[in-house]
Amino acid sequence: MDIFEKLMKLDRRWVFLFLIAVCVVTYAADFEIPVLVEPEVEAIFNFVDTLPAGAAVMIPIDYDPGSLAELHPMTYAIVEQCWRKNLKVVFSALSQNAPGMADQAIRDISDSLKVEKEYNGVVYPPREIVNGVDYCFLGYKPYPAIIILSMGQNFRLPFPLDYYGTPLDSLPMMRDIQNYDDLACVIDISGTNATDYWISYGQGRYGFPLAIGVTGVSTAQYYPYYGSGQIFGIMGGMLGAAQYEQLADNPGLAKDGMRVQWSAHMMIIAFIVLGNVGYFVSRIRARRGERR
Amino acid sequence: MKRQIPVVLVGLFGLFMIFQYFVPHESSEWIYEFLLDWTIIIGIFAMALGLWSLYRVSVEKIRTRKPAWGYNYLTLVGLFTMMLFGFTSQNGEAWGWFFPFMVAANLTLVMIIQASVTKGHRGLFLGTAGVCLAVCIVIIIFDDTWGFHFETAEGLQSTMFRAFFDNILIPIFATMFSLLAFFIASAAYRAFRARNVMATLLLLAALIVMLRFNPYFGPLSPYMSKASNWLMNVPNLAAQRAIIIGVGLGIVATALKVILGIERGYMGKG
Chain A
1 MDIFEKLMKL DRRWVFLFLI AVCVVTYAAD FEIPVLVEPE VEAIFNFVDT
51 LPAGAAVMIP IDYDPGSLAE LHPMTYAIVE QCWRKNLKVV FSALSQNAPG
101 MADQAIRDIS DSLKVEKEYN GVVYPPREIV NGVDYCFLGY KPYPAIIILS
151 MGQNFRLPFP LDYYGTPLDS LPMMRDIQNY DDLACVIDIS GTNATDYWIS
201 YGQGRYGFPL AIGVTGVSTA QYYPYYGSGQ IFGIMGGMLG AAQYEQLADN
251 PGLAKDGMRV QWSAHMMIIA FIVLGNVGYF VSRIRARRGE RR
Chain B
293 MKRQIPVVLV GLFGLFMIFQ YFVPHESSEW IYEFLLDWTI IIGIFAMALG
343 LWSLYRVSVE KIRTRKPAWG YNYLTLVGLF TMMLFGFTSQ NGEAWGWFFP
393 FMVAANLTLV MIIQASVTKG HRGLFLGTAG VCLAVCIVII IFDDTWGFHF
443 ETAEGLQSTM FRAFFDNILI PIFATMFSLL AFFIASAAYR AFRARNVMAT
493 LLLLAALIVM LRFNPYFGPL SPYMSKASNW LMNVPNLAAQ RAIIIGVGLG
543 IVATALKVIL GIERGYMGKG
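Taken in order, these protein sequences are the chains called A and B.
According to this note's numbering, the stretch in the first sequence is residues 1 to 292, in order.
According to this note's numbering, the stretch in the second sequence is residues 293 to 562, in order.
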């Protein structure tokens with residue numbers, strides 16, 4: 001077996017070894033990958049950025065820890081932007097393990113707001129995030145389609161109490177929020193098919209502005225909804241999150257992870273090219289052999 | 293009758309839900325909200341059934357000594373432990389006798405499983421389970437440093453519940469998902485061969501999308517980005533739209549078959 005045949009039939013354990021080596025080395029290295037922003041991500045940022053203080057945004061956290069690397073940075077970037085701009089946030093969780101993810105994000109981002117920071121040239125003073133005033137976490141209920149439909153009637157139908165057991169009417173920010181009509185928009189961050197339900201049963205039925213943040217592999221399937229105007233923005237995978245962090249001038253986990261993702265992609269492309277070189281050379285040799 | 297009543301109910305409620313969409317009257321809205329409430333309640337019962345099913349399947353695997361049957365003990369003990377931590381709102385200051393309670397509760401579970409999977413010594417296992425259960429009850433009665441909160445989600449703030457979630461569940465899930473990167477890399481290396489025109493097109497499209505934001509292509513970078521945007525917004529959108537419309541029509545056809553009683557698979561019989 002010559003080198004070209006070996007290139008075609010490389011043991012997959014070599015691919016694994018190279019991939020882990022590339023990931024570890026680039027994770028430890030210190031360089032930054034410049035991020036170019038797509039219009040579909042910029043649309044979400046601009047929408048949130050132009051909302052008046054006091055407006056309410058709903059952010060359903062519909063992902064499990066498996067999608068954490070791609071979707072948690074989106075949540076962190078958007079929620080921090082909302083709270084810095086004094087927007088109110090309604091969280092929900094329509095995936096079984098999502099309440100834990102939302103709970104963790106709320107704790108971390110609340111801590112982050114306690115220090116003064118400057119974003120895009122604007123200095124934001126530290127502030128305390130208060131449950132019921134700055135946010136309401138509705139918690140988890142099974143069957144996303146039904147819950148999305150119910151919330152369109154009234155949030156109190158599926159969630160009479162919030163995640164922490166407080167009646168929704170006791171929360172100051174929820175007194176003026178009955179259903180989707182009282183929200184500026186919904187930004188669904190999802191690693192499950194809950195996004196389909198938000199589009200069909202939420203936006204389709206109640207007509208609110210909807211944007212989505214989804215995993216890289218499922219991004220392509222939601223472009224028809226972006227083209228038709230049913231969603232006004234898409235963030236796809238870690239790249240989408242990094243773009244949002246770039247726009248928000250709040251570099252975090254996604255921008256940090258871009259160099260690992262970029263290097264891994266380059267390595268995969270190199271393997272694909274090598275495999276094809278081996279394939280073509282073997283094919284040319286085989287043809288020559290047939291002629292002789 | 294056993295089959296006709298469900299078919300009639302499904303037909304009635306299915307037709308109502310269709311017509312309700314076009315009738316914005318107050319009474320129609322009220323019935324709609326009432327039905328949504330019922331659906332949520334029925335759904336929650338399904339979760340209880342799921343728990344029971346998991347217990348039955350796990351015990352059956354232990355009884356028949358299926359490969360890796362020992363992990364089923366771990367599944368059930370893990371499930372039980374997380375449930376107990378989820379029901380108590382202990383915040384780490386005064387755990388009191390909670391951990392002995394947890395050990396006794398899990399021992400009760402294991403003894404009950406043992407009693408149901410072994411033919412001999414059933415009495416011994418059941419007796420031990422009874423003693424462990426009694427210990428649990430005594431601890432609940434006399435230790436007032438912690439309590440159960442079945443009526444609210446207060447228990448989900450328990451430090452142990454959070455610690456288990458943050459330090460065990462998240463790393464496990466993240467590890468499982470990250471393994472996918474290795475399989476995708478290996479599959480891409482093997483599958484992306486320019487064997488014919490279609491395969492070459494697929495390969496080129498994949499390369500452009502992967503390289504779309506590569507900042508190190510100098511003057512080529514904006515063109516790569518534009519090409520990638522075109523791929524996503526034109527050919528991809530057209531193909532996805534065709535799939536979505538096809539799936540949508542399929543869903544409508546299946547829903548009509550269910551409502552009209554032609555499709556009865558949901559009753560467990562074709």
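Backbone N, C-alpha and C fix where the C-beta goes; we use that ideal spot for every residue, glycine too.
The three-state secondary structure of residue 478(B), taken from DSSP, is helix.
A straight line joining the alpha-carbon of residue 72(A) with that of residue 552(B) spans about 44 Å. Among the residues of chain A, those whose CB is under 8 Å from the CB of residue 331(B) are 143 and 146, following chain order. Relative to residue 104(A), the option among 522(B), 456(B) and 307(B) whose CA is nearest is 456(B). The C-beta of residue 160(A) comes no closer than 8 Å to any C-beta of chain B. Under the Cβ distance rule, residue 536(B) counts among the residues neighbouring chain A, one pair being separated by less than 8 Å. Inter-segment contact for the region 139-157 of chain A and the region 256-276 of chain A is absent: fewer than three beta-carbon pairs are separated by less than 8 Å. The three-state secondary structure of residue 469(B), taken from DSSP, is helix.
Using a Cβ-Cβ cut-off of 9 Å, residue 407(B) is close to nothing in chain A; its nearest Cβ partner there is about 31 Å away. For residue 159(A) against residue 183(A), the beta-carbon gap comes to about 14 Å, at or over 8 Å, which does not count as contact. In the DSSP secondary-structure assignment, residue 119(A) is bridged to 122(A).
Close to residue 271(A), with beta-carbon spacing below 8 Å, are these residues of chain B in chain order: 477, 480 and 481. Contact annotation: residue 234(A) and residue 226(A) have beta-carbon atoms nearer than 8 Å. Residue pairing by DSSP places residue 58(A) opposite 90(A) and 186(A) in a beta bridge. Secondary structure note for residue 457(B): it is in no alpha helix (DSSP H), with a DSSP letter that is neither H nor E. Here the alpha carbons of residue 97(A) and residue 558(B) stand approximately 28 Å from one another. Membership of residue 220(A) in any alpha helix (DSSP H) is not indicated, and neither H nor E is assigned to it by DSSP. For residue 140(A), the number of other beta carbons within 10 angstroms of its own is at least 16, and it is reported as buried. Residue 78(A) and residue 93(A) have their alpha carbons spaced roughly 16 Å apart.
Within the region 213-226 of chain A, 220, 221, 223 and 224 place their CB atoms closer than 7 Å to a CB of chain B, listed in sequence order. Residue 167(A) is bridged by DSSP to 161(A). Close to chain A, meaning a Cβ-Cβ distance shorter than 8 Å, are the following residues of the region 335-364 of chain B: 335, 336, 338 and 339. If you check each beta-carbon in the region 450-463 of chain B against every beta-carbon of chain A, the ones closer than 9 Å belong to 453, 454, 457, 458, 461, 462 and 463. Beta-bridge analysis with DSSP links residue 543(B) to no other residue. Neighbourhood of residue 319(B) in chain A, by CB distance below 7 Å: empty, with the nearest CB roughly 14 Å away. Within the same chain, 549 come within 6 Å of residue 555(B) by CB-CB distance, once the 5 residues on both sides are set aside. Only buried fits residue 162(A), as 16 or more other CB atoms lie within 10 angstroms of its CB. In the displayed model, residue 208(A) falls within coil according to three-state DSSP, outside both helix and strand. Residue 241(A) is positioned such that its CB atom lies closer than 8 Å to that of residue 74(A). Note that the C-beta distance between residue 84(A) and residue 135(A) is not below 8 Å. In this structure, DSSP gives residue 214(A) an extended state, which the three-state scheme calls strand.
For the pair residue 354(B) and residue 405(B), the CB atoms are nearer than the 8 Å cut-off. Within the region 57-73 of chain A, the residues whose Cβ lies closer than 8 Å to some Cβ of chain B are 64, 65, 66, 67, 68 and 69, listed in chain order.
Rounded to the nearest whole angstrom, the CA to CA distance from residue 286(A) to residue 280(A) is 10 Å.
Between residue 351(B) and residue 408(B), the C-beta gap is smaller than 8 Å, which places the two residues in contact. Residue burial is scored here from C-beta neighbours: residue 391(B) has fewer than 16 other C-beta atoms within 10 angstroms and is therefore classed as exposed.
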